[in-house]
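Visitor: Pasting a structure below so you can have a look.
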Amino acid sequence: MQFSKLFSAQIVGLIAHIVDVEVDLSKGLHAFSLVGLPSTSVDESRDRVSAAIKNSGFVSPKQKNQKIVISLAPAELKKEGSHYDLAIAVAYLKASGEVSFNPAQKLFLGELSLDGVIRPIRGVLLLTQAAREQGFTEIFVPKENEQEAVLVSGITVYGVHTLADLIKHFDPKNNQNIIAHTRDLAEQGMDQVDENMVDLAHIKGQEFAKRALEISAAGKHNLAMWGPPGTGKTMLAQAFSHLLPELSENESLEVTSIHSVAGLLSREIITKPPLRAPHHTASYPAVIGGGATPKPGEITLAHRGVLFLDEFPEFDRRVIESLREPLEEGHVRIARAKGSDVFPARFILLAAMNPCPCGKYGSEEQCVCMPGTLASYQRKLSGPIVDRIDLWVKVSKMNHDKLSEVKAGESTASVRTRIILARERQQIRFQNHPREITTNNEMRANEVEQFIVLTPKLRSLFNTSAERLKLSPRAYHKTLKVARTIADLDQSDDIAEKHLLEALAYRPTELR
Numbered sequence: 001m002q003f004s005k006l007f008s009a010q011i012v013g014l015i016a017h018i019v020d021v022e023v024d025l026s027k028g029l030h031a032f033s034l035v036g037l038p039s040t041s042v043d044e045s046r047d048r049v050s051a052a053i054k055n056s057g058f059v060s061p062k063q064k065n066q067k068i069v070i071s072l073a074p075a076e077l078k079k080e081g082s083h084y085d086l087a088i089a090v091a092y093l094k095a096s097g098e099v100s101f102n103p104a105q106k107l108f109l110g111e112l113s114l115d116g117v118i119r120p121i122r123g124v125l126l127l128t129q130a131a132r133e134q135g136f137t138e139i140f141v142p143k144e145n146e147q148e149a150v151l152v153s154g155i156t157v158y159g160v161h162t163l164a165d166l167i168k169h170f171d172p173k174n175n176q177n178i179i180a181h182t183r184d185l186a187e188q189g190m191d192q193v194d195e196n197m198v199d200l201a202h203i204k205g206q207e208f209a210k211r212a213l214e215i216s217a218a219g220k221h222n223l224a225m226w227g228p229p230g231t232g233k234t235m236l237a238q239a240f241s242h243l244l245p246e247l248s249e250n251e252s253l254e255v256t257s258i259h260s261v262a263g264l265l266s267r268e269i270i271t272k273p274p275l276r277a278p279h280h281t282a283s284y285p286a287v288i289g290g291g292a293t294p295k296p297g298e299i300t301l302a303h304r305g306v307l308f309l310d311e312f313p314e315f316d317r318r319v320i321e322s323l324r325e326p327l328e329e330g331h332v333r334i335a336r337a338k339g340s341d342v343f344p345a346r347f348i349l350l351a352a353m354n355p356c357p358c359g360k361y362g363s364e365e366q367c368v369c370m371p372g373t374l375a376s377y378q379r380k381l382s383g384p385i386v387d388r389i390d391l392w393v394k395v396s397k398m399n400h401d402k403l404s405e406v407k408a409g410e411s412t413a414s415v416r417t418r419i420i421l422a423r424e425r426q427q428i429r430f431q432n433h434p435r436e437i438t439t440n441n442e443m444r445a446n447e448v449e450q451f452i453v454l455t456p457k458l459r460s461l462f463n464t465s466a467e468r469l470k471l472s473p474r475a476y477h478k479t480l481k482v483a484r485t486i487a488d489l490d491q492s493d494d495i496a497e498k499h500l501l502e503a504l505a506y507r508p509t510e511l512r
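Numbered according to full-length UniProt numbering, the sequence shown terminates at residue 512, and the numbering increases by one at each position without gaps.
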């Protein structure tokens, strides 16, 4: 046989594409051509594959007088990465008659070292999901990626250590086949203990801020804390992620796939909402995403979790303003000359900031900032950004004598129980809605009117308060959504006056 066809795959952005790997052999002077818009890393696979085949006990393609043409289709898709090596090597050996098997519904992934060992690659979880959705029943991946691939149910996974092992696997006379693995997500150990967990009970005082964290976690509302340095803003942020319920099965696979593509997967599966905390000097592409070839940034790595921005006004203004789209839509669109990609970015924004560069403005200590410096600092946060943050909390200093007297507060576990119950009420509320909604903050303006009903007395009170606070239409609806979450925490079907007044208390006044 002088022709063979196998299947591999590639990720572009966060979308997996199945790629046909075709090999054609013909007599003539030696030539080794790789077509199909290959990048440099793909084109270099000719040397890696030739050496790996030779060192696996077979005749190297370079030692034969034959013309070799390898086509990667579809041709218009730019091929990048080294994970095509395994498919190319096996397809060549099949075309040259060294191995015989039925390639239907089989997909091959892996980079080859010169001695034939198969190296691990990124994005195996996402590629395995795509293979299953495209009807493939078997996937061959590097041994180091095996545990990642078996997270996907409904497809048989083979973890391969060397090219020679894989060829033996297809030999009908061989009795040492590679062990197949299939596993459901439910079989995975999903307990992840964080030894560095900060419990709310360990934070003295700051009850108003703790309450805001509870509301934010219950309804996925964005939260900003401001106050002098050393008042506990960072510690409160560290405790926040532990208030969030664990991810659902589909959310776990989605988040794990993103981190797998980014090469950040350090365990089998991510079951807890991720917490990302980029430094305020982080560049626009690092936070929002981008690059010559669009890649996800911190906001996508925080998908289904928390994006903590400490020293919020110190971030580049371009970065801050670029948060508008993901905070409103739950995704970000990155457009470059080489293409445009949409990355998921549905996260809870948790911001912390000082009231001024020196941190003493509005406190008992004297602020040393020049008026121009103070004005410039406060202007870093535009009205649209302030509007998109649901809860604003001032974190004040505590007197030293009171700090030692304050007893331990409510534990994270206790608060988390109320949050889970509130989330369950929201899931029941939106279960029959045509658009996927899981929490109150995801409601749009028309859905706020549908699901949040106030009595005429409460509506009049709210409208009067909104007029005095000069709330924009966006802030108006956000306050209603916060009130709905507060009522859910109280296990109340209706929004009461106390819920509405508490929600209004979280609108910014000093920063306006």
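Beta carbons are placed, not taken as given, at the ideal position from N, Cα and C, and that holds for glycine.
Under 7 angstroms Cβ to Cβ from A9, same chain only, skipping five residues before and after it: list those, please.
Guide: Position 9 of the sequence shown, counted from the first residue, corresponds to residue 9. Around A9: A16, H17, I18, V19, L107, L109, L127, A130 and A131.
Visitor: To the nearest whole angstrom, what separates the beta carbons of L72 and K79, a pair I think is in contact under 8 angstroms?
Guide: Here residue 72 is taken as the residue at index 72 of the sequence shown, counted from 1. Here residue 79 is taken as the residue at index 79 of the sequence shown, counted from 1. Contact flag correct, Cβ pair sits at about 5 angstroms.
Visitor: Where does E146 land, buried or exposed, given buried means 16+ other C-beta within 10 angstroms?
Guide: Residue numbering aside, residue 146 sits at position 146 when the sequence shown is read from its first letter. Label assigned to E146: buried.
Visitor: So, helix, strand or coil for M235, using DSSP?
Guide: Taking the first residue of the sequence shown as position 1, residue 235 is located at position 235. Residue state, collapsed to three classes: helix.
Visitor: Measure the C-alpha to C-alpha separation of P120 and S82 and round it to an integer number of angstroms.
Guide: Position 120 of the sequence shown, counting from 1, holds the residue named residue 120. Position 82 of the sequence shown, counting from 1, holds the residue named residue 82. Near 10 angstroms, if we compare the C-alpha coordinates of S82 and P120.
Visitor: F58: buried (16+ other C-beta within 10 angstroms of its C-beta) or exposed?
Guide: As a position in the sequence shown, residue 58 is number 58, starting the count at 1. With 16 or more other Cβ atoms within 10 Å, it is buried.
Visitor: Give the DSSP bridge partners of P38, in chain order.
Guide: Here residue 38 refers to the residue found at position 38 when the sequence shown is read from its first residue. Paired residues: K79.
Visitor: For A164, collect the residues of the same chain with a Cβ closer than 8 angstroms to its Cβ; drop the 5 residues on either side in sequence, then sort them by chain order.
Guide: For the purposes of this step, residue 164 is identified with residue 164 of the sequence shown, where counting begins at 1. Excluding residues within five positions, the ones whose Cβ falls inside 8 angstroms are S56, G57 and G116.
Visitor: What number of angstroms, rounded off, separates the C-alpha of P278 from the C-alpha of D316?
Guide: The residue labelled residue 278 in the question sits at position 278 within the sequence shown. The residue labelled residue 316 in the question sits at position 316 within the sequence shown. Straight-line Cα distance between these residues: approximately 12 angstroms.
Visitor: Tell me which residues share the same chain as L501 and place their Cβ nearer than 6 angstroms to its Cβ, disregarding the 5 neighbours each side in the sequence.
Guide: Position 501 of the sequence shown holds residue 501. Cβ neighbours of L501 beyond the five flanking positions: none.
Visitor: Starting from the C-beta of residue 554, find all residues in its chain whose C-beta is less than 7 angstroms away, skip the five residues before and the five after it, and write them out in chain order.
Guide: Beyond the ends of the chain as shown, which are 1 and 512, falls residue 554; an answer cannot be given.
Visitor: Taking 8 angstroms as the cut-off, decide whether the C-beta atoms of K233 and A89 are in contact.
Guide: As a first step, residue 233 must be located in the sequence shown, where it is residue number 233. As a first step, residue 89 must be located in the sequence shown, where it is residue number 89. Not closer than 8 angstroms, so no.
Visitor: Buried or exposed: which applies to T464, given that a residue is buried once 16 or more other Cβ atoms fall within 10 Å of its Cβ?
Guide: Stepping through the sequence shown from its first residue, residue 464 is reached at position 464. With fewer than 16 Cβ atoms within 10 Å of its Cβ, T464 is classed as exposed.
Visitor: Do you know how far the Cα of V332 is from the Cα of A503?
Guide: Translated into the one-based positions of the sequence shown, residue 503 becomes position 503. Translated into the one-based positions of the sequence shown, residue 332 becomes position 332. Roughly 29 angstroms separates the two Cα atoms.
Visitor: Do A496 and A505 have their beta-carbon atoms positioned less than 8 angstroms apart in this structure?
Guide: The sequence position of residue 505 within the sequence shown is 505, counting from 1. The sequence position of residue 496 within the sequence shown is 496, counting from 1. Against a cut-off of 8 angstroms, the Cβ pair of A496 and A505 comes out as no contact.
Visitor: Measure the beta-carbon distance from R418 to E207 and round it to whole angstroms, keeping in mind my assumption that it falls under 8 angstroms.
Guide: Position 418 of the sequence shown holds residue 418. Position 207 of the sequence shown holds residue 207. About 15 angstroms separates the two Cβ atoms, so there is no contact after all.
Visitor: Should F3 be labelled buried (16 or more other beta-carbon atoms within 10 Å of its own) or exposed?
Guide: Mapped onto the sequence shown, residue 3 falls at position 3. Counting Cβ neighbours within 10 Å, F3 comes out exposed, since fewer than 16 surround it.
Visitor: For the beta strand (DSSP E) that A156 lies in, which residues bound it at each end?
Guide: Counting from one through the sequence shown, the residue named residue 156 turns up at place 156. It is Thr, not Ala, that sits at residue 156 in the sequence shown. First-last of the beta strand (DSSP E) with T156: T156 to V160.
Visitor: In this structure, how does DSSP classify A262 when only helix, strand and coil are distinguished?
Guide: Along the sequence shown, read from residue 1 onward, the residue named residue 262 stands at position 262. Of the three classes helix, strand and coil, the one that applies to A262 here is coil, per DSSP.
Visitor: Should the segment 430-439 be called in touch with the segment 260-269, which here means at least 3 C-beta pairs below 8 angstroms?
Guide: Flag = no, the segment 430-439 and the segment 260-269 do not touch.
Visitor: So, are the CB atoms of A75 and G36 less than 8 angstroms apart?
Guide: Here residue 75 refers to the residue found at position 75 of the sequence shown. Here residue 36 refers to the residue found at position 36 of the sequence shown. Contact: yes.
Visitor: Can you give me the start and stop residues for the beta strand (DSSP E) that R459 sits inside?
Guide: The residue labelled residue 459 in the question sits at position 459 within the sequence shown. Premise fails: R459 lies in the alpha helix (DSSP H), P456 to L469, not in any beta strand (DSSP E).
Visitor: Quick one: residues in its chain with C-beta nearer than 6 angstroms to the C-beta of I389, no 5 flanking neighbours on either side, listed in chain order?
Guide: Taking the sequence shown and counting its residues from 1, the one referred to as residue 389 is at position 389. Answer for I389: N222 and A224, listed in chain order.
Visitor: Counting along the chain, where does the alpha helix (DSSP H) carrying E449 start and finish?
Guide: The count along the sequence shown starts at 1 and reaches residue 449 at position 449. Note, E449: alpha helix (DSSP H), A445 to F451.
Visitor: What is the DSSP secondary structure of K143, reduced to helix, strand or coil?
Guide: In the sequence shown, the residue the question calls residue 143 occupies position 143. In the structure shown, K143 sits in a helix (DSSP, three-state: H, G or I).
Visitor: Look up L243 in the DSSP assignment and say whether it is helix, strand or coil.
Guide: Taking the first residue of the sequence shown as position 1, residue 243 is located at position 243. DSSP places L243 in helix when its eight states are reduced to three.
Visitor: Classify M443 as buried or exposed, calling it buried when 16 or more other Cβ atoms lie within 10 Å of its own Cβ.
Guide: One-based indexing of the sequence shown puts residue 443 at position 443. Burial call: buried.
Visitor: Please identify the residue among F32, Q238 and A52 whose C-alpha is closest to the C-alpha of S113.
Guide: As a first step, residue 113 must be located in the sequence shown, where it is residue number 113. Of the listed residues, the one whose Cα sits closest to S113 is A52.
Visitor: Relative to the C-alpha of M197, which candidate in A218, V448, M398 and A237 has its C-alpha closest?
Guide: Mapped onto the sequence shown, residue 197 falls at position 197. Answer by Cα proximity: A237.
Visitor: Using C-beta distances below 8 angstroms, list every residue in its chain close to R336, excluding the 5 sequence neighbours before and after it, in chain order.
Guide: As a first step, residue 336 is located in the sequence shown; it is residue number 336 there, counting from the start. For R336, where only same-chain residues beyond five positions count, the Cβ hits under 8 angstroms are G290, G291, A292, T293 and P294.
Visitor: Residues in its own chain within less than 7 angstroms of S96 by CB, not counting five upstream and five downstream?
Guide: The sequence position of residue 96 within the sequence shown is 96, counting from 1. Excluding sequence neighbours, S96 sits near L25.
Visitor: Applying the criterion that 16 or more other CB atoms from any shown protein chain within 10 Å of the CB defines a buried residue, is D47 buried or exposed?
Guide: In the sequence shown, residue 47 corresponds to position 47, counting from 1. The residue in question, D47, is exposed, as its Cβ has fewer than 16 Cβ neighbours within 10 Å.
Visitor: Quick one: using the 10 Å Cβ neighbour count with 16 as the cut-off for buried, is N441 buried or exposed?
Guide: Taking the first residue of the sequence shown as 1, we reach residue 441 at position 441. That one is buried.
Visitor: Could you pull the DSSP bridge partners for F7 from this structure?
Guide: Position 7 of the sequence shown holds residue 7. Its beta-bridge partners are D20.
Visitor: At which residues does the beta strand (DSSP E) containing D310 begin and terminate?
Guide: Counting from one through the sequence shown, the residue named residue 310 turns up at place 310. Counting along the chain, the beta strand (DSSP E) containing D310 begins and ends at V306 to D310.
Visitor: Of the choices D494, W392, T137 and L471, whose alpha-carbon is the least far from that of A209?
Guide: As a first step, residue 209 is located in the sequence shown; it is residue number 209 there, counting from the start. When only C-alpha atoms are compared, the closest one is W392.
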